[in-house]
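In what follows, a single structure is set out as structure tokens and then discussed.
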Ligand code: G6P
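Numbering (the numbering used here), first residue to last: 2 to 479.
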């Protein structure tokens, strides 16, 4: 390995030929009964990338979820993890602030109003630089570095400056907004320049890639053709950057294998039994996030009970809402709203034996999730906007007997691939209600026809294919 310590820009080469960089590592550091332990991190990004990294001989650079705790590199579940430290103040300004109260709502159709604060932006830049430096330190000469998601959009350009020898990819797991919305961002140009440091920028949907390309044309003045645009570096050298869609997926085979495990099948029976063996079990599984359309789903279900189109005697909704970003204001408000709605519906319709909604503000290991998927006759995904929604794909992968109905919001990336779901416009409460009733009464033949087609899609397009498609496209770029 070459030693460049005598170079003027003294970033020495590291050991890894392949590096993934994301805000979160695959595991979070947690303290249980005074003992520190590791727990799988929340969200779709980790769900998708962990199986890729467990089989790749590379390093994963990211935050370990605990504020103000420096930590050495370590190995976990076959992955080499390189922790990046964030102070409590940085968690507040960069993570809770700029990432999750500016960018997240801005990129999700301004469902909640984004806030713009210069102190948050300064922290975002500072933290992105730290991630870029940590990645530059870990990367071998000519390595491939794959930067993930909206928290780290400045990293590609910062990294290119530190290490021009690297091949750099970026993947945005969330939607990229239309130009008219993106235009609100006071730092719109700097963010685009940050992303354009990559050789290849991946998005979930073709529409996201188009939105991005339009913004690049407008705010960077770069000419583009078929998603490829030209950037001119400080020294006048031209570089081509491509923006394209690569819809992400899951480790479908692993989920299907779990779904065939006798213990998990038995657990799914037990779940139904403990819920009083309802004729129909509806399921919702989400991070407790205002993009997920949980209040709309509850409203639809509550009205169905009120209209006597479903009855608590034979239908139960299980809603798993895993805790998320709990110190961010809009998440607190959402939690209050969801919990008071659940309380009101249950208070009105529960009997001593039966409950309308079993609400669980918790997260569960994958085995328990698969048991829930197997137990549920219908999965309700009613997001108002979602980059992909991997829960929908997990449900499909788990239904090895081609039964079960997926009600899926049109506003998810998954709706572009799972066309045989019952697609709904979440804002249209009557439409959602009708879809739920249709799902409950769907004939087994129609259910099987739809599920078979969706399973074929999900099994053929798994996360390994997603990463190899992206990485081979990146390979071709330079
Ligand atoms: C989404 C984002 C991820 C994020 C995850 C969990 O899936 O795309 O980047 O990690 O949510 O959110 P959190 O803020 O807990 O990391």
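For every residue, glycine included, the Cβ atom is placed at its ideal position computed from N, Cα and C.
message: Are there any heavy atoms of the ligand G6P lying less than 6 Å away from the beta-carbon of residue 157, as far as the coordinates show?
response: Here residue 157 corresponds to residue number 156 of the chain shown, with the count starting at 1. Placement of the Cβ of residue 157 at a distance of 6 Å or more from every heavy atom of the ligand G6P is found.
query: Is the distance from the Cβ of residue 231 to the Cβ of residue 241 below 7 Å?
result: Your numbering for residue 231 matches position 230 in the chain shown. Your numbering for residue 241 matches position 240 in the chain shown. In this structure, residue 241 lies closer than 7 Å to residue 231 by Cβ.
- request: With a threshold of 16 other CB atoms inside 10 Å of the CB of residue 170, please say whether the residue is buried or exposed.
  value: In the chain shown, residue 170 corresponds to position 169, counting from 1. By the 10 Å Cβ count, residue 170 comes out buried.
message: Three Cβ pairs or more, each shorter than 8 Å: is that satisfied between the stretch 237-257 and the stretch 204-212?
response: Between the stretch 237-257 and the stretch 204-212, the count of Cβ pairs shorter than 8 Å is three or higher; the stretches touch.
message: Residues in the same chain with beta-carbon distance under 6 Å from residue 403, minus the five sequence neighbours each way, listed in chain order, please.
response: Position 402 of the chain shown holds residue 403. Within the same chain, residue 403 has close Cβ partners 449, 452 and 453.
Residue 45: CB within 6 Å of a non-hydrogen atom of the ligand G6P: Locating residue 45 in the chain shown gives position 44, counting from the first residue. Yes; taking the cut-off as 6 Å, the Cβ of residue 45 has a heavy atom of the ligand G6P nearer than that.
For residue 151, three-class secondary structure by DSSP: Here residue 151 corresponds to residue number 150 of the chain shown, with the count starting at 1. Here residue 151 sits in helix by DSSP.
task: Would you identify the three-state DSSP class for residue 1, choosing helix, strand or coil?
output: This structure leaves residue 1 out entirely; the chain is present only between 2 and 479.
task: Taking only heavy atoms of the ligand G6P into account, decide whether any of them is closer than 6 Å to the Cβ of residue 174.
output: Residue mapping note: residue 174 aligns to position 173 of the chain shown, counting from 1. Inclusion of residue 174 in the 6 Å shell around the ligand G6P follows from its C-beta lying nearer than that to a non-hydrogen atom of the ligand.
query: Would the beta-carbon of residue 415 fall within 7 Å of that of residue 424?
result: Against the chain shown, residue 415 aligns to sequence position 414. Against the chain shown, residue 424 aligns to sequence position 423. Contact flag unset, no.
field: Outcome for residue 269 when other beta-carbon atoms lying within 10 angstroms are tallied against a minimum of 16
entry: Position 268 of the chain shown, counted from the start, is the residue given in the question as residue 269. Here residue 269 is buried, its C-beta having at least 16 other C-beta atoms within 10 Å.
- prompt: Counting pairs of beta carbons, one from the stretch 125-143 and one from the stretch 47-65, are three or more of them closer than 8 Å?
  reply: Taking 8 Å as the limit for Cβ pairs, the verdict is that the stretch 47-65 does touch the stretch 125-143.
task: For residue 466, write down the residues that DSSP places opposite it in a beta bridge.
output: Taking the first residue of the chain shown as position 1, residue 466 is located at position 465. In the DSSP assignment, residue 466 forms no beta bridge with any residue.
message: Just checking residue 252 against the ligand G6P - is the residue's beta carbon closer than 6 Å to any of the ligand's heavy atoms?
response: For the purposes of this step, residue 252 is identified with residue 251 of the chain shown, where counting begins at 1. No; taking the cut-off as 6 Å, the Cβ of residue 252 has no heavy atom of the ligand G6P nearer than that.
- prompt: Which class does residue 377 belong to by DSSP, given the choice of helix, strand or coil?
  reply: For the purposes of this step, residue 377 is taken as residue 376 along the chain shown, with counting starting at 1. It is coil, neither helix nor strand.
query: Should residue 195 be labelled buried (16 or more other beta-carbon atoms within 10 Å of its own) or exposed?
result: Counting from 1 along the chain shown, the entry for residue 195 is found at position 194. Burial is judged here by how many other beta carbons sit within 10 angstroms of a residue's own beta carbon; residue 195 has at least 16 and is buried.
field: Same chain only: Cβ atoms within 7 Å of residue 108, ignoring 5 sequence neighbours per side
entry: Looking up residue 108 in the chain shown gives position 107. Hits under 7 Å: 151, 175, 176, 177 and 178.
message: Is the beta carbon of residue 331 closer than 7 Å to that of residue 113?
response: Within the chain shown, residue 113 is the residue found at index 112, counting from 1. Within the chain shown, residue 331 is the residue found at index 330, counting from 1. Yes.
- request: Along the alpha helix (DSSP H) that carries residue 391, what are the first and last residues, could you check?
  value: For this step, residue 391 is matched to residue 390 along the chain shown. Annotation: the continuous alpha helix (DSSP H) that includes residue 391 extends over 391-399.
Coil, strand or helix - residue 145 by DSSP: Taking the first residue of the chain shown as 1, we reach residue 145 at position 144. In this structure, residue 145 counts as strand in the three-state DSSP scheme.
- prompt: Does the Cβ-Cβ distance between residue 377 and residue 284 come in under 7 Å?
  reply: Here the question's residue 377 lines up with position 376 in the chain shown. Here the question's residue 284 lines up with position 283 in the chain shown. Yes.
- request: Starting from the C-beta of residue 472, find all residues in its chain whose C-beta is less than 6 Å away, skip the five residues before and the five after it, and write them out in chain order.
  value: The residue you call residue 472 lines up with position 471 of the chain shown. Excluding sequence neighbours, residue 472 sits near nothing in its chain.
query: From this set, 317, 324, 32 and 223, which residue's C-alpha is nearest residue 43's C-alpha?
result: Counting from 1 along the chain shown, the entry for residue 43 is found at position 42. The residue among 317, 324, 32 and 223 with its C-alpha nearest the C-alpha of residue 43 is 324.
- request: With a cut-off of 8 Å on the beta carbons, I'd call residue 167 and residue 146 a contact; round off their distance for me.
  value: Here residue 167 corresponds to residue number 166 of the chain shown, with the count starting at 1. Here residue 146 corresponds to residue number 145 of the chain shown, with the count starting at 1. Contact between residue 167 and residue 146 holds: their C-beta atoms lie close to 5 Å from each other, under 8 Å.
- prompt: What does a CB cutoff of less than 7 Å around residue 103 pick up in its chain, not counting 5 residues either side in sequence?
  reply: In the chain shown, counting from the first residue as 1, residue 103 sits at position 102. Excluding residues within five positions, the ones whose Cβ falls inside 7 Å are 115, 116, 117 and 121.
task: Please check the pair residue 91 and residue 67, which I expect to be a contact at CB under 8 Å, by giving their CB distance rounded to whole angstroms.
output: Counted from its first residue, the chain shown places residue 91 at position 90. Counted from its first residue, the chain shown places residue 67 at position 66. The Cβ separation is near 12 Å, so there is no contact.
task: Measure the Cβ-Cβ separation of residue 342 and residue 299 and say whether it is below 7 Å.
output: Counting from 1 along the chain shown, the entry for residue 342 is found at position 341. Counting from 1 along the chain shown, the entry for residue 299 is found at position 298. It is a contact, given that the beta carbons lie within the stated cut-off.
task: Take every Cβ of the stretch 377-390, pair it with every Cβ of the stretch 272-287, and state whether three or more of those distances are shorter than 8 Å.
output: They touch, by the three-pair rule.
- prompt: Given 8 Å as the limit, is there contact between the stretch 24-31 and the stretch 40-55, that is, 3 or more CB pairs closer than that?
  reply: With the cut-off at 8 Å, the stretch 24-31 and the stretch 40-55 touch.
query: Would DSSP call residue 249 helix, strand or coil?
result: As a working mapping, residue 249 is identified with position 248 in the chain shown. Note: residue 249 maps to coil in three-state DSSP.
- request: Take residue 272 as the anchor and find which of 18, 38 and 374 has the nearest alpha-carbon.
  value: As a working note, residue 272 is residue 271 in the chain shown. Residue 272 has its Cα closest to that of 374, out of 18, 38 and 374.
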